[in-house]
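K.L.:
Attaching a single structure in structure tokens format; questions to follow.
There are 2 protein chains.
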Amino acid sequence: MTDERPAPAAPAAGLRERKKRRTRDALLRAALLLFIAQGYEQTTVDEIADAVDVSQRTFFRYFANKEEAVFAVQDLVESHFVAELRARPATEGPLRAMRAAVLAAWDTVEEALSDVVPVELYMRSYRLIESTPALLAVHLRRSTELEERISRLIAEREGLDVDGDPRPRVAVAAFSGVMRVTGRLWGQGEDTSVAAIRRMTEAYLDQIGPALAADWRTAPPVART
Amino acid sequence: MTDERPAPAAPAAGLRERKKRRTRDALLRAALLLFIAQGYEQTTVDEIADAVDVSQRTFFRYFANKEEAVFAVQDLVESHFVAELRARPATEGPLRAMRAAVLAAWDTVEEALSDVVPVELYMRSYRLIESTPALLAVHLRRSTELEERISRLIAEREGLDVDGDPRPRVAVAAFSGVMRVTGRLWGQGEDTSVAAIRRMTEAYLDQIGPALAADWRTAPPVART
DNA sequence: AGGCTAGTGACAGCGACTGACACTTCACAG
DNA sequence: CTGTGAAGTGTCAGTCGCTGTCACTAGCCT
Chain A
0 MTDERPAPAA PAAGLRERKK RRTRDALLRA ALLLFIAQGY EQTTVDEIAD
50 AVDVSQRTFF RYFANKEEAV FAVQDLVESH FVAELRARPA TEGPLRAMRA
100 AVLAAWDTVE EALSDVVPVE LYMRSYRLIE STPALLAVHL RRSTELEERI
150 SRLIAEREGL DVDGDPRPRV AVAAFSGVMR VTGRLWGQGE DTSVAAIRRM
200 TEAYLDQIGP ALAADWRTAP PVART
Chain B
0 MTDERPAPAA PAAGLRERKK RRTRDALLRA ALLLFIAQGY EQTTVDEIAD
50 AVDVSQRTFF RYFANKEEAV FAVQDLVESH FVAELRARPA TEGPLRAMRA
100 AVLAAWDTVE EALSDVVPVE LYMRSYRLIE STPALLAVHL RRSTELEERI
150 SRLIAEREGL DVDGDPRPRV AVAAFSGVMR VTGRLWGQGE DTSVAAIRRM
200 TEAYLDQIGP ALAADWRTAP PVART
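Sequence order for the protein chains is A and B.
Going by numbering that gives the first Met the number 0, the first sequence wraps up at 224, each residue one higher than the last.
Going by numbering that gives the first Met the number 0, the second sequence wraps up at 224, each residue one higher than the last.
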């Protein structure tokens with residue numbers, strides 16, 4: 000989806016190219032900062048364009064809509080996760096591989112998007128998404144697209160056909176469901192650090208087994224928050 | 000969330016009330032029919048209002064936005080599911096109860112919304128949701144709200160605290176994830192019947208266990224679609 | 001140097017939504 | 001019954017996201 004980018008740190012191309020990239024980056028940063036400062040809905044596209052000193056029309060030439068500006072960074076992080084998942088050894092089972100990939104991804108987000116925006120800004124925009132209904136809705140839809148991508152990847156790892164065997168999609172669905180809960184709770188919590196979300200992710204993933212047991216009364220609960 | 004409705008089949012109140020209900024129902028039906036006939040985005044609020052012979056402003060007095068018209072029926076179905084879940088005996092474990100509730104809900108949707116719209120219309124609108132990105136996004140957000148509601152219900156059944164024990168949310172998340180996949184695949188499939196989605200639901204839910212096993216190579220795959 | 005074209009600004013227009021206000025019509029007390 | 005208040009509606013004007021069009025400027029390439 001974003002794989003045709005020349006290179007993460009593109010070596011200077013023509014002057015035109017560089018100029019384009021600069022306006023795009025400027026728009027992106029301005030948008031995120033404004034959204035975070037005054038809220039997504041409270042920020043008009045005109046404001047963003049004015050902040051960068053371009054016309055509104057130009058904003059829409061770079062981003063199909065207001066949302067797209069928000070999810071540009073999210074895109075990077077997701078690709079980063081997929082890359083980590085691809086890197087997992089084939090010996091790991093599906094759940095194990097996904098779990099390892101998310102955790103590894105959190106450990107290395109910083110470098111993954113250092114060129115574009117500081118992690119701090121990403122974490123803030125992630126919280127913005129979680130707390131803005133319109134953005135959350137889009138985020139969830141995009142997540143299902145990511146899920147499909149992951150399902151195919153998992154199926155491939157296991158040498159299966161996604162359409163012939165329900166297990167890849169089911170496993171990914173269950174996994175993603177848990178990730179969702181994690182994201183939501185992190186968004187509501189106090190600790191906005193990467194460490195916090197990593198910790199919560201780990202804790203919740205570990206509960207999949209116990210949670211699906213037929214009877215909870217025999218298994219031990221685990222404190223958290 | 001929709002629990003303060005006077006009664007499913009409200010006995011005639013004042014004339015004003017009845018008139019109100021009639022315009023609302025008319026708007027709802029007109030909206031759904033138009034959406035299905037020509038697509039959600041291709042239908043303007045003006046068209047809907049004109050079809051019922053009221054002003055655009057009036058439409059927005061009944062529905063906060065265009066989307067809301069689509070999800071009014073969905074609301075009924077979801078409440079229906081929750082009711083079925085409430086009715087499950089406390090002896091059933093969480094997963095077992097949720098599974099039984101969905102299936103029972105599908106078996107009785109027809110009566111559940113017969114007063115408002117024919118099931119056929121609901122199934123069509125559900126497909127519309129699945130195939131319209133903007134609607135799907137909202138649907139998913141609403142689903143997470145439903146999930147939270149269910150999580151609390153499950154926690155209550157088991158005598159647990161949702162915030163103290165992750166298992167209710169994790170179990171519901173996994174369950175819902177699978178339901179999502181089912182809905183999506185049904186939406187893409189040929190068979191648009193209630194029976195079809197019920198059948199798929201059952202089949203996919205049965206795959207949760209096998210899908211979460213560490214190693215899939217030992218377990219048997221199951222053909223489908 | 002000079003033509004080509006990508007990137008932009010200015011402008012006009014549509015559709016979703018909102019606020020304000022005036023008007024009609026039901027509800028209900030007297 | 002009737003007068004009065006409030007509920008429900010229409011009209012109008014305005015904001016904002018987003019799109020099409022067109023003319024213009026400035027890198028690009030020969």
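Glycine residues also receive a C-beta, built at the ideal position from the N, C-alpha and C atoms.
What is the rounded straight-line gap between the Cα of I35 (chain A) and the Cα of S124 (chain A)?
P.N.:
In the first sequence, residue 35 (chain A) corresponds to position 36, counting from 1. In the first sequence, residue 124 (chain A) corresponds to position 125, counting from 1. Going from the Cα of I35 (chain A) to the Cα of S124 (chain A) covers about 7 Å.
K.L.:
Please state whether DSSP places Q187 (chain A) in a helix, a strand or coil.
P.N.:
The residue you call residue 187 (chain A) lines up with position 188 of the first sequence. Helix.
K.L.:
By how many angstroms is the C-alpha of S142 (chain A) removed from the C-alpha of R197 (chain B)?
P.N.:
Counted from its first residue, the second sequence places residue 197 (chain B) at position 198. Counted from its first residue, the first sequence places residue 142 (chain A) at position 143. Their Cα atoms are separated by approximately 25 Å.
K.L.:
In the region 126-156 of chain B, which residues sit with their C-beta less than 9 Å from some C-beta in chain A, listed in chain order?
P.N.:
Within the region 126-156 of chain B, the residues whose Cβ lies closer than 9 Å to some Cβ of chain A are P132, A133, L135, A136, V137, H138, L139, R140, R141, S142, T143, E146, E147, S150, listed in chain order.
K.L.:
Quick one: residues in its chain with C-beta nearer than 7 Å to the C-beta of T224 (chain A), no 5 flanking neighbours on either side, listed in chain order?
P.N.:
The sequence position of residue 224 (chain A) within the first sequence is 225, counting from 1. Bear in mind that the predicted position of T224 (chain A) carries a pLDDT of just 46, short of 50, making it too unreliable to give a figure here.
K.L.:
Check the C-beta distance from L112 (chain B) over to L75 (chain B) and give it rounded, since I have them as a contact under 8 Å.
P.N.:
To locate residue 112 (chain B), count along the second sequence from 1; it is residue 113. To locate residue 75 (chain B), count along the second sequence from 1; it is residue 76. 5 Å between Cβ atoms; contact.
K.L.:
For A89 (chain B) versus R17 (chain B), is the C-beta spacing smaller than 9 Å?
P.N.:
Reading the second sequence from its first residue, position 90 is the one you call residue 89 (chain B). Reading the second sequence from its first residue, position 18 is the one you call residue 17 (chain B). No, the Cβ-Cβ distance between A89 (chain B) and R17 (chain B) is not below 9 Å.
K.L.:
For S175 (chain B), decide whether its Cβ has a neighbour in chain A, counting only Cβ atoms nearer than 9 Å.
P.N.:
Along the second sequence, read from residue 1 onward, the residue named residue 175 (chain B) stands at position 176. Cβ-Cβ to chain A under 9 Å: yes for S175 (chain B).
K.L.:
Could you pull out every unbroken alpha helix (DSSP H) segment of at least 4 residues lying fully inside the region 1-75 of chain A, listed in chain order?
P.N.:
As far as the region 1-75 of chain A is concerned, its whole alpha helix (DSSP H) runs of at least 4 residues are 14-37, 44-51, 55-61.
K.L.:
Please state if the CB of V101 (chain A) and the CB of L204 (chain A) are separated by a distance shorter than 9 Å.
P.N.:
Looking up residue 204 (chain A) in the first sequence gives position 205. Looking up residue 101 (chain A) in the first sequence gives position 102. Their beta carbons are under 9 Å apart, which means L204 (chain A) touches V101 (chain A) by this criterion.
K.L.:
Assign T200 (chain A) to buried or exposed, taking buried as 16 or more other Cβ atoms, counted over all protein chains shown, within 10 Å of its Cβ.
P.N.:
Residue numbering aside, residue 200 (chain A) sits at position 201 when the first sequence is read from its first letter. T200 (chain A) is buried by the Cβ-count criterion.
K.L.:
Using 9 Å as the limit for Cβ to Cβ distance, is V101 (chain B) near chain A?
P.N.:
Along the second sequence, read from residue 1 onward, the residue named residue 101 (chain B) stands at position 102. Taking Cβ atoms only, chain A never reaches closer than 9 Å to V101 (chain B), which makes this a no.
K.L.:
Below 6 Å CB to CB, which residues in the same chain sit around Q73 (chain B) once its five sequence neighbours on both sides are set aside?
P.N.:
What you label residue 73 (chain B) is simply residue 74 of the second sequence in a count that begins at 1. Taken in chain order, the list of residues that qualify is empty.
K.L.:
In whole angstroms, give me the CA-to-CA distance for V69 (chain A) and T22 (chain A).
P.N.:
The sequence position of residue 69 (chain A) within the first sequence is 70, counting from 1. The sequence position of residue 22 (chain A) within the first sequence is 23, counting from 1. V69 (chain A) and T22 (chain A): Cα-Cα distance of roughly 16 Å.
K.L.:
Short of 8 Å Cβ to Cβ, which residues in the region 81-109 of chain B face chain A?
P.N.:
From the region 81-109 of chain B, only G92, P93, L94, R95 have a Cβ closer than 8 Å to chain A.
K.L.:
If I'm right that Q206 (chain B) touches R166 (chain A) with Cβ under 8 Å, what's the distance once you round it to whole angstroms?
P.N.:
Your numbering for residue 206 (chain B) matches position 207 in the second sequence. Your numbering for residue 166 (chain A) matches position 167 in the first sequence. Right, the Cβ-Cβ distance comes to about 6 Å (below 8 Å), so this counts as a contact.
K.L.:
Contact defined as beta carbons within less than 8 Å: I believe V171 (chain B) pairs with E146 (chain B). What is the distance between those atoms, to the nearest angstrom?
P.N.:
Residue numbering aside, residue 171 (chain B) sits at position 172 when the second sequence is read from its first letter. Residue numbering aside, residue 146 (chain B) sits at position 147 when the second sequence is read from its first letter. Rounded, the Cβ-Cβ distance is 5 Å, consistent with contact.
K.L.:
Got a sec: does the ligand GTP put a non-hydrogen atom nearer than 8 Å to the Cβ of T22 (chain A)?
P.N.:
You won't find the ligand GTP in this model; it holds no ligand whatsoever.
K.L.:
For D164 (chain A), name the three-state secondary structure that DSSP assigns.
P.N.:
Within the first sequence, numbered from 1, the residue matching residue 164 (chain A) stands at position 165. D164 (chain A): coil per DSSP, three-state reduction.
K.L.:
Within its chain, find whatever has a CB closer than 7 Å to the CB of L184 (chain A); leave out the 5 residues flanking it on each side and keep chain order.
P.N.:
By 1-based counting over the first sequence, the position of residue 184 (chain A) is 185. The answer, listed in chain order, is M199.
K.L.:
Use the C-beta contact count for E109 (chain A): other C-beta atoms within 10 angstroms, 16 or more gives buried, fewer gives exposed.
P.N.:
Stepping through the first sequence from its first residue, residue 109 (chain A) is reached at position 110. Exposed, because fewer than 16 other Cβ atoms sit within 10 Å of the Cβ of E109 (chain A).
K.L.:
Using a beta-carbon distance below 9 Å, is V180 (chain B) in contact with chain A?
P.N.:
Along the second sequence, one-based indexing puts residue 180 (chain B) at 181. Judged by the 9 Å Cβ criterion, V180 (chain B) is in contact with chain A.
K.L.:
Using a cut-off of 7 Å between C-beta atoms, extract the partners of V169 (chain A) located in chain B.
P.N.:
Here residue 169 (chain A) refers to the residue found at position 170 of the first sequence. Within chain B, the residues near V169 (chain A) are V177, V180, Y203, Q206, I207, A210.
K.L.:
Of all Cβ atoms in chain B, is any one closer than 9 Å to the Cβ of A195 (chain A)?
P.N.:
Looking up residue 195 (chain A) in the first sequence gives position 196. With 9 Å as the cut-off, A195 (chain A) does not count as an interface residue toward chain B.
K.L.:
Taking a contact to mean a Cβ-Cβ separation below 9 Å, would you say T42 (chain A) touches A48 (chain A) in this structure?
P.N.:
Start at 1 with the first residue of the first sequence, and residue 42 (chain A) comes out as number 43. Start at 1 with the first residue of the first sequence, and residue 48 (chain A) comes out as number 49. Not a contact, by the Cβ cut-off of 9 Å.
K.L.:
So with CB distances below 8 Å, who are the chain A contacts of A213 (chain B)?
P.N.:
Walking along the second sequence from the start, residue 213 (chain B) turns up at place 214. Simply G92, L94, R95.
K.L.:
Out of B:Q37, B:R15, B:V51, B:E46, point me to the one whose CA is closest to D24 (chain B)'s CA.
P.N.:
In the second sequence, the residue the question calls residue 24 (chain B) occupies position 25. Per the Cα distances, B:V51.
K.L.:
For A195 (chain A) and G176 (chain B), I'd like the C-alpha separation in whole angstroms.
P.N.:
Numbered from its first residue, the first sequence carries residue 195 (chain A) at position 196. Numbered from its first residue, the second sequence carries residue 176 (chain B) at position 177. Looking at the two C-alpha atoms, the distance is approximately 24 Å.
K.L.:
Got a sec: is the Cβ-Cβ distance from P165 (chain B) to anything in chain A below 9 Å?
P.N.:
As a first step, residue 165 (chain B) must be located in the second sequence, where it is residue number 166. Interface residue, yes.
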